[in-house]
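Chains as they are written, first to last, in this note's numbering: chain A, 1066 to 1413; chain B, 163 to 452.
No residue lacks a Cβ here, since even glycine has one placed at the ideal position from N, Cα and C.
This one's a predicted model, so the numbers in the text were calculated from it and none came from an experiment.
Everything below concerns the one structure shown next.
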C-alpha cells in the first residue's frame, strides 16, 4: 500500500510540475498552524477553504456540466440556514446538522433544477439567478420567529472550541470534497462514468442523448452534487461565525465565486482552487495596506486585465506553460523535456 | 386606482423599454450578456450630475455630452475589452460584472455614499386622469417613444440596420457578404449604451443619483429581456410594459411591501420560463429575429 503510494508519487507526481505544485501546496496548508497559531490568519484560511469548496462545486455544475448557474448562493444559504434551523428548533449538534444541511441543500438543488431542465443556456442562468433573490426577500419579510427575518439566526454552537482543531476539520473536509469532486469529473476515470457524461452533456446534449445517456438524470445528479458540496460549505460557514443572515443569498455571493473560478480557469477543478487561494488572500492583504479603500477596485481591475490576456484563466495558462501533453500517449510531461517520458515520442 | 396603474405603467415602461432595448440589441447581435449595461446607465446619470452641478454647464449641453460620452465609452469598451474575448462566454460575463463593480466603486469613491439630485429640465406639473404628473415625466415618455421609433426605423430601413440584423442572424454569412462583424458589434454596443444614456438623462432628475442605482434596474432589465425572449426587440418592449405593470400593481395593491417589486418581477419571469422556455418572442432555435 505504502509502496504503491510512493511509486505513484515518484512516477505520477514528481515528473509533472503542476501535480508537484499541488502536492507542495496541500502540504503547506497542513503545516500552516505550525508556522503561526494566531487566530486571525487561521480564520482567514478557514474562510478561503470554505469558498474553495463552494467555488469547486460551482465549477462541477456550471463548468463541467454546462448548466451555468448564476444563483449558486441558494445552495450555500440553504445549507447554512438548514443547519441553523435544525439547531434552533430541534436542538441538534453540529456533527448532525452540518451533513443534514448539506443533504437539504442537495434536495434544494434537485427542486431548483426541475423547472430549469428544458431551458437553453442563457435562460437557465437567468432563471437560476432568480431563485436566491426571491428567497432572500421572502426570508426578510417573514416574521422573526420563523427564520430570523432581517437579522438572521445566531447563537448556535461552534464546530470546536480550539482554533487549530477548527482549522484542521475544515481543511480535511475541504480536501476530501475537492478530491471527490475531482474524481467525479475526471473524464478518464475507469471507475466513475460521471466525468465523461458531464463533459458530453456540456459539449452536445442532443448527441449525448442519442448515444443512450439519460441526460435528464445526469443533469439532476449534477445539480444534487453541486448543491450538496455548496451546502456543506454554507453550513460550515454558518458555524464558524455562529451566525447566518439573509445576505448569504445575495447576488454578490453568487458572482464572487464565479469570478474566482473564471479567474483561475473554468472547467478545471484546480483552477477554481487556485482562483480562490489567489484572489481572496490578495483582497485580505490589501485590507492591511494604505490603499485598503481601493481593494475592490484593484481586484476588479486585475480580473479584467488577466482575462484579457489569458481568457482561459490563470491556472490553465500557467499549466500550459510548464506542462506539455504527449501527442501520442496523452501523458503530461514537463515543458523542459524533448521526448515523452513514457513513449519517447518527440514533443514539440 | 385603474388610472394610477395606467400612469405608473406608462412611466416606468418607457424607462425599462429604453434600457431593455439596448441590452437586447447587444445580446441579439453579439450573444453578449452585458451585465454592465445598467452601470453605463448609472455612469451617464453621474456624468450629467457632475456636468450640471459641479461644472455648472447648461442643461442641454450636459445632456448631449453625457449621451455622446457614454456611447463613445461603450464603443471603446467593446473595442478594447469585449472584442478580444468574444469567443469565451464566461470571460465576457465576468469582465462585464467586474466592470460594473469597478464603476460602482469609482462612483462611491468620487461622489460619496449619499444620494444627490439634479434639476428638472421642465418645471411644472399637470393633472392627467386625476393623477398629478410632472412635466419631466411626460418628457420622459415622449422622448422614449421618439427614440424607440428612431431605433426601429434605423434597424429596418437603413444599411446599418440591415448589417446589424444580418450579423444577428448569422455572423459567418454576414462576414462573407462583406460586413465587418467586429465593427457592426462595436456600433451596436455604442447604440445600446447610448440608449442607456438617454434613459439615464431622462430619469436622473426624477430619482436622483446614488452609487447603487444600477443594481435594481439590472435585475428588472434581465427579467424583461428574458420575458420578451433574449434578442427580440419587439419582445423586450412588450416585456418592459408587462414588468412595469407588475411593478405598478405591487406599488398600488400593497404599498407597505413595495420593496417586494423585484420579487414579483422575478416570479413572473420564473412562471414565464416554466410555461414558455424561450420567452414571449424568443426562438428556441436560431431563427430570424426582430
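Straight-line spacing of the CA atoms in residue 219/B and residue 1290/A works out to 58 angstroms. Below the 9 angstroms Cβ cutoff, chain B contributes no neighbours of residue 1311/A, its closest Cβ being approximately 13 angstroms away. Between the C-alpha atoms of residue 1308/A and residue 192/B there is a straight-line separation of about 44 angstroms. Exposure of residue 433/B is indicated by the presence of fewer than 16 other C-beta atoms within 10 angstroms of its C-beta. DSSP lists 287/B as the bridge partner or partners of residue 296/B. Residue 1219/A is bridged by DSSP to 1308/A. For residue 1270/A, the uninterrupted alpha helix (DSSP H) run begins and ends at 1270-1275, by DSSP.
The beta carbon of residue 1194/A sits closer than 6 angstroms to the beta carbons of 1135 and 1136 from its chain, once the five residues preceding and following it are set aside; these are given in chain order. Counting only residues of its own chain and dropping the five nearest sequence neighbours on each side, residue 1157/A has a CB closer than 7 angstroms to the CB of 1151. Taking one beta carbon from each stretch, the segment 1342-1350 of chain A and the segment 1363-1383 of chain A have 3 or more pairs nearer than 8 angstroms; the two touch. The beta carbon of residue 1184/A sits closer than 7 angstroms to those of 1192, all from its chain and outside the five residues before and after it, given in chain order. Contact residues of the segment 262-282 of chain B toward chain A are 263, 264, 267, 268 and 271 (C-beta to C-beta distance below 8 angstroms).
When secondary structure is reduced to three states using DSSP, residue 1399/A falls in the strand class. The C-alpha of residue 1387/A lies about 8 angstroms from the C-alpha of residue 1401/A. Apart from sequence neighbours up to five positions away, the residues of its chain that approach residue 294/B with a beta-carbon distance below 8 angstroms are 287 and 288, ordered along the chain. As DSSP reads the structure, residue 371/B sits in a beta bridge with 278/B. Beta-carbon to beta-carbon, residue 1344/A and residue 1325/A are separated by about 6 angstroms, close enough to satisfy the 8 angstroms threshold.
Taking all protein chains shown into account, residue 1275/A has fewer than 16 neighbouring C-beta atoms within 10 Å of its C-beta and is therefore exposed. Sequence-ordered contacts of the segment 1195-1208 of chain A with chain B read 1195, 1196, 1198, 1199, 1202, 1203 and 1206 [C-beta pairs closer than 8 angstroms]. Across the structure, residue 285/B and residue 368/B are spaced so that their CA atoms are roughly 11 angstroms apart. By DSSP's assignment, residue 1282/A forms no beta bridge with any residue. Residue state for residue 1389/A is assigned as strand, using DSSP reduced to three classes.
Inclusion of residue 357/B and residue 184/B in the CB contact set at 8 angstroms is warranted, their separation being smaller than that value. By the neighbour-count definition (other C-beta atoms within 10 Å, threshold 16), residue 1279/A is an exposed residue. By the Cβ-count criterion, residue 1072/A is exposed, with fewer than 16 other Cβ atoms from all chains shown falling within 10 Å of its own Cβ. The closest CA to that of residue 1232/A, considering only 1090/A, 1393/A, 1109/A and 1396/A, is found on 1109/A. Between residue 1342/A and residue 1117/A, the CB-CB gap stays under 8 angstroms. Taken through DSSP and simplified to helix, strand or coil, residue 1106/A comes out as helix.
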